[in-house]
Amino acid sequence: MDIRALTLDDYEPTRAVLAQAFGAITDADWERSVRGARPLLETGRLFGAYEDGRLVATARLHDMGQWWHGRRVSMGGVGGVAVVPEARGRGLGRALMTEVLRRCADFGHAVSMLYPATTPLYRSLGWEHAGSRDEVELRTEFLRVARAETAVPVRRAGPDDAAEVAATLRRIHEAAGDCGAVDRSEESWRPALDDRGFHYLAEDGFLSYGWDEGNTALVVARLVGASAATVRALWAVVGSGSSTAETVRAIVAPHDPVLWTLRERESERLTRTRWMLRVVDAPAAIEARGYPAGVTAEVPLEVEDPQVPANAGSWTLVVKDGEGRLERSAGHAGAVRLGPRGLAALYSGVPVATLRRAGLLAGGDTGALGAAFAAEPYALDFF
1 MDIRALTLDD YEPTRAVLAQ AFGAITDADW ERSVRGARPL LETGRLFGAY
51 EDGRLVATAR LHDMGQWWHG RRVSMGGVGG VAVVPEARGR GLGRALMTEV
101 LRRCADFGHA VSMLYPATTP LYRSLGWEHA GSRDEVELRT EFLRVARAET
151 AVPVRRAGPD DAAEVAATLR RIHEAAGDCG AVDRSEESWR PALDDRGFHY
201 LAEDGFLSYG WDEGNTALVV ARLVGASAAT VRALWAVVGS GSSTAETVRA
251 IVAPHDPVLW TLRERESERL TRTRWMLRVV DAPAAIEARG YPAGVTAEVP
301 LEVEDPQVPA NAGSWTLVVK DGEGRLERSA GHAGAVRLGP RGLAALYSGV
351 PVATLRRAGL LAGGDTGALG AAFAAEPYAL DFF
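In the UniProt record's numbering, the protein residues as written are 1 to 383.
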């Protein structure tokens, strides 16, 4: 088996691999796929596994960031992992993901995120369930009153606004102290702002929505704003479609402000898609992340990480004034012990008591540990 980064000349055969894994790809969708893949191919971020000269598996590694308490952490977003049916069950997927993890470290990413099609494979390499992407179904008529009390300028946005969209979203997530939200580059936003949907920009907000495939419901891919007036103004744009669409399906944060502005909130239908996280470079991930204000901690850790030996060993976690760091230590009899899965889950805010009962963390005094990593991570992006 040969695993290597693909070039543009290698890309055409991936269509058959992806179609077998995820379903048929129309010519129009394939053209968009080629445009979207070009930056990955040019930077060595799209990988293929070959057997006897034939492409049998693919994976891609997006250059992204992730917000943790309002601070950006370099993140490798893994997507498009596909193995042809006849090659499954022989360890090929594990070999491919092992290489992706290695390359993730080479690119300097502190953490990695992915949406799993199967959990055991990724757990075996140190990823663990960390957060969710939530879609809530709302009655459009309840959005009719979601209007701003003061006028907020809102305009249509397109590909030429990619830089402003990316910058606006960064300001919003940073100011809100969000956890888990993905930071995308201007380059990745440009094709996303095409005419397949409706996109709107305000000075401190952004909306992207459209119709579902059957043209029976509105689908909000993203609606974020830094002020109450902007949030209401953007939801009013969506709510204006209440005469033709009875329902809205919206990707939202668990604590999204729209849930507190609806005229009625008797019940909600929620679809939750889980995502997983992997700590790739433990010292860098701890240092880059933000922490709750007022929390002080100094906790000895003993980390095992067979896939990334640089993460393993004795450390002291120090958290103070919203910042953290890992310091090498000589070891401590009362250290908190955890592996890569436990470290990823802890980093993501899973309660320490839960990690103990799940067998992902043991030993030590964890009194301040849970407070230091407290978070409610979510994501709006799917890749």
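Glycine included, C-beta positions come from ideal geometry on N, C-alpha and C. Please read these numbers as outputs of a predicted model, since none were measured by experiment.
Kindly indicate which three-state DSSP category residue i falls into: helix, strand or coil?
i: Ser188; result: helix
i: Gly225; result: strand
i: Val165; result: helix
i: His129; result: strand
i: Ala49; result: strand
i: Leu218; result: strand
i: Ile251; result: strand
i: Gly239; result: helix
i: Arg232; result: helix
i: Ile25; result: coil
i: Glu137; result: strand
i: Arg263; result: coil
i: Arg90; result: coil
i: Asp160; result: helix
i: Asp9; result: helix
i: Ala82; result: strand
i: Gly36; result: helix
i: Val152; result: coil
i: Asp183; result: strand
Hey, how far is the Cα of residue i from the Cα of residue j?
i: Val219; j: Val165; result: 19 Å
i: Gly197; j: Gly210; result: 5 Å
i: Ala28; j: Ala21; result: 19 Å
i: Asp195; j: Gly158; result: 8 Å
i: Gly239; j: Asp212; result: 16 Å
i: Gly214; j: Gly349; result: 38 Å
i: Ser74; j: Gly324; result: 16 Å
i: Val224; j: Thr261; result: 14 Å
i: Ala24; j: Ile3; result: 25 Å
i: Thr43; j: Val248; result: 38 Å
i: Thr230; j: Gly290; result: 26 Å
i: Asp365; j: Gly334; result: 7 Å
i: Arg32; j: Pro116; result: 23 Å
i: Arg45; j: Ser112; result: 13 Å
i: Val81; j: Thr150; result: 47 Å
i: Ala312; j: Val336; result: 13 Å
i: Ala293; j: Trp68; result: 13 Å
i: Arg190; j: Arg184; result: 10 Å
i: Ala371; j: Arg356; result: 15 Å
i: Ala5; j: Gly77; result: 16 Å
i: Pro283; j: Ala345; result: 16 Å
With residue i as the anchor, note down where its alpha helix (DSSP H) starts and where it stops.
i: Pro283; result: Ala282 to Ala288
i: Phe198; result: Counting along the chain, Phe198 falls outside any alpha helix (DSSP H), though it belongs to the beta strand (DSSP E) covering Phe198 to Ala202.
i: Leu277; result: Leu277 -> not in any alpha helix (DSSP H); beta strand (DSSP E) instead, spanning Arg269 to Val279.
i: Tyr122; result: Thr119 to Arg123
i: Asp2; result: That residue, Asp2, is in no alpha helix (DSSP H); its beta strand (DSSP E) goes Asp2 to Ala5.
i: Ala372; result: Leu369 to Ala372
Does the Cβ of residue i have 16 or more other Cβ atoms within 10 Å, making it buried, or fewer, making it exposed?
i: Pro300; result: buried
i: His173; result: buried
i: Ser267; result: exposed
i: Pro340; result: buried
i: Leu338; result: buried
i: Pro153; result: exposed
i: Leu169; result: buried
i: Phe382; result: exposed
i: Asp106; result: exposed
i: Ser188; result: buried
i: His62; result: buried
i: residue 401; result: Beyond the ends of the chain as shown, which are 1 and 383, falls residue 401; an answer cannot be given.
i: Pro377; result: buried
i: Glu298; result: exposed
i: Glu246; result: exposed
In terms of residue numbering, what span does the beta strand (DSSP E) encompassing residue i cover?
i: Gln66; result: Arg54 to Trp68
i: Pro300; result: Ala297 to Val303
i: residue 390; result: Limits of the chain in this structure are 1 at one end and 383 at the other, which puts residue 390 out of reach.
i: Phe206; result: Gly205 to Trp211
At a cut-off of 7 Å, would you count residue i as near the ligand COA, judging by its Cβ distance to the nearest heavy atom?
i: Asp2; result: Here there are no bound small molecules, and the ligand COA is not part of this structure.
Go through the segment 302–362 residue by residue and report every complete run of the alpha helix (DSSP H) that reaches 4 residues or more, in order.
340–347 and 352–357
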